[in-house]
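Written out below as structure tokens is the structure these notes cover.
Numbering (my numbering), first residue to last: 1 to 165.
What follows is the structure in structure tokens.
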């Protein structure tokens, strides 16, 4: 098992020189795609030579990828990276993986279950709970080592929360 964080995947090869089109789930592209940064495709390490935005994706040239055939062989691979230093975060920022295993509690103090995953969604990332319930991250208020506090509209988490009001 690795402590690396999932950053996205290789969408396809681009051009003839070995560029890759990447679909990323991170908003920290400055650190992740800077020249010299290391990305992992499965367990293989690759060093970023150059990168640029391209629509909703990124075009990235890796030092180790020489030509289109090599790029095509990487299509579909998951991209991971080493965790960033927490000291580099701005106030109020957090790593999404910090939510896994925490209990979601609404504004009335009602517990709704543990976070099992986070779903990448264009409008708002979504916390998936062990019960299968979904909580858009835009209702997030705060978190600590045990609890994710949310302020949700009536009816979003219909599991007895109505009686607590």
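Each residue gets a CB set at the ideal place from its N, CA and C atoms; glycine is no exception.
Start and end residues, beta strand (DSSP E) containing residue i
i	result
residue 12	5-14
residue 143	140-143
residue 20	19-24
residue 149	147-150
residue 105	103-105
residue 81	78-81
Residue range of the alpha helix (DSSP H) that includes residue i
i	result
residue 30	29-32
Residue i - partner residues in DSSP beta bridges
i	result
residue 128	117, 134
residue 36	None, per the DSSP bridge assignment.
residue 59	21, 52
Residue burial classification, residue i (beta-carbon count within 10 angstroms, cutoff 16)
i	result
residue 134	exposed
residue 131	exposed
residue 139	buried
residue 124	exposed
residue 112	buried
residue 1	For residue 1, the pLDDT reaches just 39, beneath the cut-off of 50, and the residue's location in the model is therefore unreliable, leaving the point undetermined.
residue 51	buried
Helix, strand or coil at residue i [DSSP, three-state]
i	result
residue 64	coil
residue 54	strand
residue 71	helix
residue 112	strand
residue 44	strand
residue 87	helix
residue 163	Residue placement at residue 163 is flagged as unreliable, the pLDDT there being 49, under the threshold of 50; the coordinate-derived value follows with that caveat. In the structure shown, residue 163 sits in a helix (DSSP, three-state: H, G or I).
_Check whether the region 94-106 and the region 44-51 are in contact - that is, three or more C-beta pairs closer than 8 Å._
no
*Sufficient close CB pairs (3 or more, under 8 Å) joining the region 3-17 to the region 63-81*: yes
_the region 110-125 contacting the region 58-75, beta-carbon criterion three pairs below 8 Å_ = no
*Mind the definition here: the region 9-19 touches the region 29-39 only if three or more C-beta pairs lie below 8 Å; say whether that holds.*
no
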